[in-house]
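Q: Protein chains in written order, with the working numbering: chain V, 161 to 276; chain P, 508 to 619.
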Amino acid sequence: DGGITQSPKYLFRKEGQNVTLSCEQNLNHDAMYWYRQDPGQGLRLIYYSQIVNDFQKGDIAEGYSVSREKKESFPLTVTSAQKNPTAFYLCASSIGGKRSSYNEQFFGPGTRLTVL
Amino acid sequence: KNQVEQSPQSLIILEGKNCTLQCNYTVSPFSNLRWYKQDTGRGPVSLTIMTFSENTKSNGRYTATLDADTKQSSLHITASQLSDSASYICVVNPGGYNKLIFGAGTRLAVHP
């Protein structure tokens, strides 16, 4: 069963805590992304990675960190420095590079993070 | 500034009726435009993709149009079903490496 999985589906965090959201894909995609979705707003890019061991900041990277040690995995850590972390977080992947001009991004089911 | 604006923000229609969602963009350069459907609490799923040279593309009851001159796109849903209740997101790809421009979406509710 191919696709992108995210865990957990729901996550609760106390203020001052760091939490890590998991994202795994078995589509053999090079590129992976993390987005944040807030009500009434378009998806905003947090971090993206074109290839293993390399990643770039997106538009709202402050307070977040990522790693890309394996092609299949792109975990996102929401640190205590993120002032308003309550949101729906979506992970996506795509073939990436110049191999796909259409560049379709396939999304995971999302993780809803709530700060208590 | 690259932007994608969608209208209306929300829409309620009766089952079996048709509806049209709008997307205006000010993105340059332009590679393609994609419509996604996002069910509540789920990730978006691609419905259609249109490149500069394409005017119309259908996917079942979904028909997307693109006017690259006026930078407008629409998504028409025919004979709506309860399962069409979702958010519909317009996404423009400027080309290059992977950074997409997302609209805020239109939330559609289909009532029996």
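Glycine residues also receive a C-beta, built at the ideal position from the N, C-alpha and C atoms. Since this is a predicted model, take the numbers as computed values, not measurements.
Which residues in chain P sit within 9 Å of residue 168(V), going by Cβ to Cβ distance?
A: Simply none; closest approach about 13 Å.
Q: Assign residue 592(P) to one of three DSSP states: helix, strand, or coil.
A: coil
Q: Which chain V residues sit within Cβ distance under 7 Å of residue 515(P)?
A: Under the 7 Å cutoff, chain V gives no residues; its nearest Cβ is about 13 Å from residue 515(P).
Q: Counting Cβ pairs closer than 8 Å, one from the segment 567–585 of chain P and one from the segment 547–558 of chain P, do we hit at least three?
A: Yes, the segment 567–585 of chain P touches the segment 547–558 of chain P.
Q: Got a sec, what are the start and stop residues for the beta strand (DSSP E) residue 248(V) sits in?
A: 247–254
Q: On a Cα-Cα basis, can you pick out the residue from 619(P), 617(P) and 610(P) that is closest to residue 622(P)?
A: Because residue 622(P) is not part of the residues shown, which for chain P are 508 to 619, the question remains open.
Q: Who are the near neighbours of residue 575(P) in its chain, counting only those whose CB is closer than 6 Å to its CB and skipping five residues on each side?
A: 559
Q: CB residue 270(V) to CB residue 245(V), shorter than 9 Å?
A: no
Q: Say whether the segment 538–553 of chain P touches the segment 595–608 of chain P, bearing in mind that this needs 3 or more beta-carbon pairs closer than 8 Å, one atom from each stretch.
A: yes
Q: Run down chain V in chain order and give the residues with a C-beta less than 7 Å from the C-beta of residue 519(P).
A: The contacting residues do not exist; residue 519(P) stays about 17 Å from chain V at best.
Q: With residue 522(P) as the anchor, note down where its beta strand (DSSP E) starts and where it stops.
A: Residue 522(P) -> no beta strand (DSSP E), and no H or E assigned at all.
Q: For a contact defined as C-beta to C-beta under 7 Å, what are the partners of residue 235(V) on chain P?
A: The premise fails here: residue 235(V) is roughly 17 Å from chain P at the closest Cβ pair, so nothing lies under 7 Å.
Q: Could you tell me if residue 552(P) is buried or exposed, where buried requires 16 or more neighbouring beta carbons within 10 angstroms of its beta carbon?
A: exposed
Q: For residue 521(P), does the count of other Cβ atoms within 10 angstroms reach 16, so buried, or fall short, so exposed?
A: exposed
Q: What is the C-beta distance between residue 528(P) and residue 585(P), in whole angstroms, given that I count them as a contact (C-beta under 8 Å)?
A: That belief does not hold up - the Cβ atoms of residue 528(P) and residue 585(P) are roughly 13 Å apart, past 8 Å.
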